[in-house]
Amino acid sequence: MLIQILNAPNRILNLDSTSPKKQFEKVGNHMDRDQAGTPKARSAQAILAVFVLSLIVYGFLQTNSLSPVLDSNGRNIINPSTRDRVKKIQIEERRQTETLWANEYMAQHLGRSLERWWDRINASSPRLQALADIGKTTTVLMNHWKLHKTIAHLNIEQFISTGNNLSYDSAAWKSFITMSMKDGWTLDHIEFRHIEFIPSSQGIPRTSKFFFRAGISNTNTQHRCLLTGPLKVQWKNTDLPQGDINQIEQIDVSLLELVSARTRQPFKLIHEETIKPPENAESIDPLLVYDIDGDGISEIILANKNKLLRYHPEGYFTSSPLCTFHPGLISTAVLADLNGDGISDFICHKQEGLVVIPGAPNGLFDQYEIMLRPADSRTVYPMVLSVGDMDRDGDSDIFLGQYRVPYEGGALPTPFYDADDGHPFFLLRNLGNWEFEDVTESALPNARRHRRIYSASLADLDGINGLDLIVVSDFAGADLYLNDGTGNFKVATNRFGDAHGFGMAHTFSDFNVDGKLDLLMIGMTSPTVDRLEFLNLRRSGLTEDHSLRRRVASGNRLFLSTQRMGFEQTELSLSIGRAGWAWGCSSADFDNNGYPDVIIGNGLETRQFVQDYESEYWLHDAFIADSEPDPAAYLYFKEKFAQTRGKGQSYGGYESNRLFLNLEGKSFVDVGHLWGLGLQRDTRNVVTDDFNGDGLIDCLFTHYEAWPDESQVLRIYQNELQSTSNWIGFRLASEPNQASPTGVTIEIETENHRQVKTIVTGDSYRLQHAQSVHFGMGSDSLVLSAIVTWPNGRQTNIRKPQINRYHRIPRLSQTLLNDKE
291 MLIQILNAPN RILNLDSTSP KKQFEKVGNH MDRDQAGTPK ARSAQAILAV FVLSLIVYGF
351 LQTNSLSPVL DSNGRNIINP STRDRVKKIQ IEERRQTETL WANEYMAQHL GRSLERWWDR
411 INASSPRLQA LADIGKTTTV LMNHWKLHKT IAHLNIEQFI STGNNLSYDS AAWKSFITMS
471 MKDGWTLDHI EFRHIEFIPS SQGIPRTSKF FFRAGISNTN TQHRCLLTGP LKVQWKNTDL
531 PQGDINQIEQ IDVSLLELVS ARTRQPFKLI HEETIKPPEN AESIDPLLVY DIDGDGISEI
591 ILANKNKLLR YHPEGYFTSS PLCTFHPGLI STAVLADLNG DGISDFICHK QEGLVVIPGA
651 PNGLFDQYEI MLRPADSRTV YPMVLSVGDM DRDGDSDIFL GQYRVPYEGG ALPTPFYDAD
711 DGHPFFLLRN LGNWEFEDVT ESALPNARRH RRIYSASLAD LDGINGLDLI VVSDFAGADL
771 YLNDGTGNFK VATNRFGDAH GFGMAHTFSD FNVDGKLDLL MIGMTSPTVD RLEFLNLRRS
831 GLTEDHSLRR RVASGNRLFL STQRMGFEQT ELSLSIGRAG WAWGCSSADF DNNGYPDVII
891 GNGLETRQFV QDYESEYWLH DAFIADSEPD PAAYLYFKEK FAQTRGKGQS YGGYESNRLF
951 LNLEGKSFVD VGHLWGLGLQ RDTRNVVTDD FNGDGLIDCL FTHYEAWPDE SQVLRIYQNE
1011 LQSTSNWIGF RLASEPNQAS PTGVTIEIET ENHRQVKTIV TGDSYRLQHA QSVHFGMGSD
1071 SLVLSAIVTW PNGRQTNIRK PQINRYHRIP RLSQTLLNDK E
């Protein structure tokens, strides 16, 4: 099975009815998950509409025969008993649709009007032209704006509504849009996320609330704007055909907020390349960023392609192979010095097991692989490799985490909020001479070992006893294991408080600049959960604590370190919480103001239509399957996928990337669209680094696109922000007979601030960041000291290093060697 799911780029199984080889290939972002409860009220009209809708949705299941499906041994799993069970599932889910979920399906029925409008907008050129086409009797309420806040050093302005509504009928709205187009305005992307629905009651009309997001730009100027906030819709009382724009009585956008910039986009696309995955593989990652040749500039490595990109001062990249003898298809990889010779080695997991290709002094990997740990029956889907000296003995140990694909064999993560039903992780202690010992059971005796893991790092979060272990998992969230100083760990997840989430990746930084390391775990939100929570609809069967549905789907969680060796989630955390269907992330100070920002890549599977499969998990799928494979559930999902995603429905689609600018540790504001990084492209890997060494942090994305054609694209954006702020950077170098710098923390003290950063592996989605740190300093002009803390506890204190340059830090030296020396 490993070869079938090796390198699957998504996290949801695509039950392709035409190709058995594709049964395990698309591990998509999590299918949404949760349960529901009981509605407060049901109108006969709603139930009737839902009944008609349900006939459309489920009718094919009664009329279409099930095609043969084979298990892993080639046996047909369709038999009379399985057919009967599938029919019973269909009948029960139809009953739930017509009764418990009546108001939710009414919300979906009405919401199709906006979704079809959204489809027409996406398909139009120019998009604003389709935005002008509202219903004949629809009115639009807008507002005047007033300046709320200015980010002076970036020429960014934030506006809020004055509350003074402007009313447009259909003709006036079209005239307004036409005039805007003549003035040079274009619509770059748009989103309508249905988050609330109020059924009609006692003469009160049906209303909905959508989260609205639109990026616009002016082709005549450099003016760009991002509009976000609640969009309220009042529906006509008479039901029209599904998707009819005339179903909308009124659209109220008077409470939107606007962020505006009138300067050139600071991020410039300097490299774009469509890359085909290797034969029999599904993705081009893992992606590694590492200074292999020691020249101070990181190389970019697409490990599965054996492809190395090297930057040239003239501003372009050239490609060459990474390894002379490439190990073939690999699932995860990392670069680190395993044998203490001061040279980085290439560690990866392939079907046969965990192997290493020793590095050479010239930065080449021209030797044959060495087996470190042969694969066994427990090794199914390796997802992340993380390294660090956990026992302080001077060499790098290894953590190997695995994922398990939802819907595989008709099974789903159970429970959806705390699943520990995946494939086990492994903690391997380095014994020297390429020998490793599995110490998982002894070092982590009470660990939740069978999480569905996406990212994991060995990092010193509490500042004592060496490197701790942070694990981020789908259908669970974050787990924390504290090191006792000898490489043995105890569970300390409760220090996070509420850590539930659909964990996808994480990043460390000092987000509020208090000298303590914080943790951001990215996850996903769910418009369906928002609607069900608002309607107070719950279906029994999954959990007694119904708050878990909302908590798991809360999105990103920013854990800020406290004085009491714990963590808290504050208003700063809330301002970055809702960012879509997140995958990869990275933290970096893009504007060098001294406060780290965050870039997040979003989107699972964008297809022809914006109608999204997302609600099916929460309303039906989660109640049908559990952790064990089930042929009937498998067939039910297979047929439903064919009729939904197989016919153009998206799943976590039409999401935009976010760049959250840190406003002095008080809140975040999304400037991705303003700065040229808010792409509405399904994104996987996200990495930041200073690829040209100019002191401004650049950004790299990989995109996995399913429609209209499957493709994977690498894009590199260079930061050209005109900034007068100061900065300082440090590059870590391995030394013979010493541990890899992974796990090092660096703390700087300036006139007004104290900041800390760390070097880790395994922190974002299937990638490795560079072994360097970069600090923005704002107007501060002096670094009083830089303290380097090594994994064994030793510290190097560097007094008054020069600013606006990178410094190389050898492992043993008490003196500072600059790159130019």
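According to the working numbering, the residues represented by the sequence shown are 291 to 1111, in order.
Every residue, glycine too, gets a C-beta built ideally from N, C-alpha and C.
Since this is a predicted model, take the numbers as computed values, not measurements.
Euclidean distance between Cα positions of residue i and residue j
| i | j | result |
| --- | --- | --- |
| residue 315 | residue 735 | For residue 315, the predicted structure reports a pLDDT of 33, less than 50, and the residue's modelled location is therefore unreliable. A value from the coordinates is still provided. Cα to Cα, the separation comes out at about 33 Å. |
| residue 778 | residue 481 | 47 Å |
| residue 789 | residue 761 | 11 Å |
| residue 447 | residue 775 | 49 Å |
| residue 552 | residue 1039 | 34 Å |
| residue 1026 | residue 631 | 4 Å |
| residue 705 | residue 833 | 8 Å |
| residue 675 | residue 587 | 23 Å |
| residue 592 | residue 807 | 29 Å |
| residue 912 | residue 702 | 7 Å |
| residue 648 | residue 585 | 20 Å |
| residue 800 | residue 541 | 41 Å |
| residue 1112 | residue 1084 | Here the chain has residues from 291 to 1111 only, and residue 1112 is not among them. |
| residue 390 | residue 826 | 11 Å |
| residue 840 | residue 522 | 22 Å |
| residue 508 | residue 963 | 13 Å |
| residue 729 | residue 857 | 28 Å |
| residue 973 | residue 868 | 17 Å |
| residue 656 | residue 712 | 36 Å |
| residue 1091 | residue 1017 | 11 Å |
| residue 428 | residue 533 | 15 Å |
Reduced DSSP secondary structure (H/G/I, E/B, other) of residue i
| i | result |
| --- | --- |
| residue 899 | strand |
| residue 773 | strand |
| residue 702 | coil |
| residue 1030 | coil |
| residue 733 | helix |
| residue 547 | strand |
| residue 389 | coil |
| residue 1115 | The structure shown has nothing for residue 1115, since the chain only spans 291 to 1111. |
| residue 806 | coil |
| residue 1024 | coil |
| residue 677 | strand |
| residue 754 | coil |
| residue 1047 | strand |
| residue 370 | helix |
| residue 655 | strand |
| residue 823 | helix |
| residue 785 | helix |
| residue 988 | strand |
| residue 542 | strand |
| residue 496 | coil |
Opposing strand residues paired with residue i [DSSP bridges]
| i | result |
| --- | --- |
| residue 532 | Bridge partners of residue 532: none, in fact. |
| residue 1090 | The partner list for residue 1090 (beta bridge, DSSP) is empty, contrary to what the question assumes. |
| residue 684 | DSSP, once it has assigned bridges, lists no residue as partnering residue 684. |
| residue 780 | 772 |
| residue 629 | BP columns for residue 629 are empty, so no partner. |
| residue 814 | 871 |
| residue 622 | 639 |
| residue 504 | 480, 517 |
| residue 720 | 726 |
| residue 798 | 809 |
| residue 791 | 766 |
| residue 1006 | 561, 990 |
Unbroken stretches of the alpha helix (DSSP H), 4 residues or longer, contained in the stretch 913–978: 921–933, 962–965
Beta strand (DSSP E) runs wholly inside the stretch 396–473, at least 3 long, in chain order: 429–441, 446–458
Length-filtered (3 minimum) beta strand (DSSP E) runs lying within the stretch 825–909: 847–851, 872–878, 887–892, 899–902
Complete runs of the beta strand (DSSP E) confined to the stretch 559–600 [at least 3 residues]: 577–580, 589–592
Inside the stretch 1056–1080 only - beta strand (DSSP E) runs reaching at least 3 residues: 1062–1068, 1073–1079
Three or more C-beta pairs below 8 Å linking the stretch 1056–1076 and the stretch 574–585: yes
Cβ contact (3+ pairs, closer than 8 Å) linking the stretch 728–743 and the stretch 940–954: no
The stretch 535–550 touching the stretch 394–411, judged by at least three CB pairs closer than 8 Å: yes
Sufficient close CB pairs (3 or more, under 8 Å) joining the stretch 933–941 to the stretch 416–427: no
Meets three-Cβ-pair contact criterion under 8 Å: the stretch 748–758 and the stretch 678–694: yes
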